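The listed protein sequences derive, respectively, from chains U and Z. Every number in my numbering is 39 more than the matching position in the first sequence, counting from 1. Every number in my numbering is 21 more than the matching position in the second sequence, counting from 1. Here's the structure we're looking at; comments come further down.
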Amino acid sequence: MPDEPSAIPLADVLRAANELVSAGLIQDYALGGALAAIYYTEPFTTYDADIIFVATDKTLSAGIPAIYSHLQSKGWRVEREHLLIKDFPVQFLAASGLTEEAVRNARPIEYEGVQAKVFRPEYIIAIAASVGRHKDLARIEQLMSHAKIDKALLDDILRRYKLKLPKL
Amino acid sequence: MKPEMRDVLARQSFEDKIRKVSELIQLSRKVKAQRAREDGRNYPQTGSRYPSSIAATSPKDSKK
């Protein structure tokens, strides 16, 4: 794991993701993972950002080599599964199924003047339910407590993807 | 943390929340560095993060 950075350069991350869309390297993207949850809940510690993207290249590689080349040409570094900007680790993850639907229905936001999208809480909950680690259960609890949840949408997502919420 | 306090924090702007996360990361870094310094003071002879009794019986050593 890389050293923890002193600040999160989220605007730079989102700007870079927008450039990937403009360059045609990805179709669409949204902020997912812990930072997406923090959009709706109180802040908590996390050490990376997850950018979930819909690939333009539908082959097995999902265009990841081209994405890496593009970002490295802009000064990003590669360290294991992360790309680093200003020492902050970012994971670019190809969307499919539930995560692709989450990207396509993500909420438009503006962060420090940068247009971006963030997963809706119903999708964060469904994805967390599908993964089911301790931290995912905690994320569900936080979102159910603090975010405005569209219950009908959440139930529909859970039903279609055959998921169940854990007992909290 | 009290639920009301969590609600207040959850209602902050995303920019403010990301700044708070950055502060939490810095704090975590300080705590880790302090812990590493303390370990260095406690177990200087072994050069290990473990006490000599544990370091001597680590699986790595027992293979020798």
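The C-beta atom is built at its ideal place from N, Cα and C for all residues, glycine as well. Given the structure is predicted, the values throughout are model-derived calculations rather than measurements.
Starting from residue i, follow the alpha helix (DSSP H) in both directions and report where the run begins and ends.
i: aspartate 28 (chain Z); result: 24-31
i: lysine 195 (chain U); result: A quick correction: the sequence has aspartate, not lysine, at residue 195 (chain U). Taken as a continuous stretch (DSSP letters only), the alpha helix (DSSP H) holding aspartate 195 (chain U) covers 190-199.
i: tyrosine 210 (chain U); result: No information on residue 210 (chain U) is available, as it lies outside the stretch 40 to 207 that chain U covers here.
i: alanine 136 (chain U); result: Just to set this straight, residue 136 (chain U) is glycine in the shown sequence, not alanine. Counting along the chain, glycine 136 (chain U) falls outside any alpha helix (DSSP H), and DSSP gives it neither H nor E.
i: glutamate 44 (chain Z); result: 35-63
i: alanine 94 (chain U); result: From DSSP, alanine 94 (chain U) is part of no alpha helix (DSSP H) but of the beta strand (DSSP E) over 88-94.
i: alanine 76 (chain U); result: 72-79
I'd like to know if residue i contacts chain Z, where contact means its C-beta is closer than 8 Å to some C-beta of that chain.
i: arginine 185 (chain U); result: At residue 185 (chain U) the sequence reads histidine, which differs from the arginine that was named. Taking Cβ atoms only, chain Z reaches closer than 8 Å to histidine 185 (chain U), which makes this a yes.
i: leucine 49 (chain U); result: yes
i: tyrosine 162 (chain U); result: no
i: methionine 40 (chain U); result: Confidence is the limiting factor: at methionine 40 (chain U) the pLDDT is only 49, short of 50, which leaves the residue's position unreliable, though a coordinate-based value still follows. No, its Cβ sits nowhere closer than 8 Å to a Cβ of chain Z.
i: glutamate 118 (chain U); result: no
i: isoleucine 124 (chain U); result: no
i: glutamate 151 (chain U); result: yes
i: tyrosine 68 (chain U); result: no
i: isoleucine 148 (chain U); result: yes
i: threonine 138 (chain U); result: no
i: threonine 84 (chain U); result: yes
Given that residue i touches chain Z, what residues does it touch there, using C-beta distances under 7 Å?
i: leucine 46 (chain U); result: As written in the sequence, residue 46 (chain U) is alanine, which differs from the leucine given in the question. Near alanine 46 (chain U) (Cβ distances below 7 Å), the residues of chain Z are Ser43.
i: glutamate 81 (chain U); result: Arg27, Leu30, Ala31
i: isoleucine 77 (chain U); result: Lys38, Val42
Taking only beta-carbon positions, decide if residue i is within less than 8 Å of chain U.
i: lysine 23 (chain Z); result: no
i: serine 79 (chain Z); result: With a pLDDT of only 43 at serine 79 (chain Z), under 50, the local geometry of the prediction cannot be trusted, and the value read off the model is given with reservation. False, the Cβ-Cβ gap to chain U never drops below 8 Å.
Tell me the residue span of the beta strand (DSSP E) that contains residue i.
i: arginine 146 (chain U); result: 146-150
i: alanine 55 (chain U); result: Counting along the chain, alanine 55 (chain U) falls outside any beta strand (DSSP E), though it belongs to the alpha helix (DSSP H) covering 49-61.
i: arginine 172 (chain U); result: From DSSP, arginine 172 (chain U) is part of no beta strand (DSSP E); its letter is neither H nor E.
i: alanine 155 (chain U); result: 153-157
i: arginine 116 (chain U); result: 116-118
i: leucine 14 (chain U); result: Residue 14 (chain U) is absent from the structure shown; chain U starts at 40 and stops at 207.
Just to check, is the beta-carbon of residue i closer than 7 Å to a non-hydrogen atom of the ligand ADP?
i: leucine 53 (chain U); result: For the structure depicted, the ligand ADP is absent and the ligand set is empty, with no information on it obtainable.
Could you check how far apart the C-beta atoms of residue i and residue j are, in whole angstroms? I think they sit under 8 Å.
i: serine 169 (chain U); j: tyrosine 200 (chain U); result: 7 Å
i: proline 82 (chain U); j: lysine 51 (chain Z); result: At roughly 18 Å, the Cβ-Cβ gap does not stay under 8 Å, so proline 82 (chain U) and lysine 51 (chain Z) are not in contact.
Is there a C-beta anywhere in chain A that falls below 8 Å from the one on residue i?
i: isoleucine 39 (chain Z); result: Chain labels in this structure do not include chain A; the protein chains are U and Z.
| said: Could you check whether the region 118-128 of chain U touches the region 92-102 of chain U, counting it as contact only if at least three pairs of C-beta atoms, one from each stretch, sit closer than 8 Å? | reply: The region 118-128 of chain U is not in contact with the region 92-102 of chain U.
| Would you call the region 169-185 of chain U and the region 76-83 of chain U in contact, with 3 or more CB pairs under 8 Å? | Verdict: yes, contact present.
| When the Cβ atoms of the region 180-200 of chain U are set against those of the region 99-113 of chain U, are three or more pairs found closer than 8 Å? | These segments do not touch.
| task | Report yes or no: do the region 147-165 of chain U and the region 107-121 of chain U share at least 3 C-beta pairs separated by less than 8 Å? | result | Verdict: no, contact absent.
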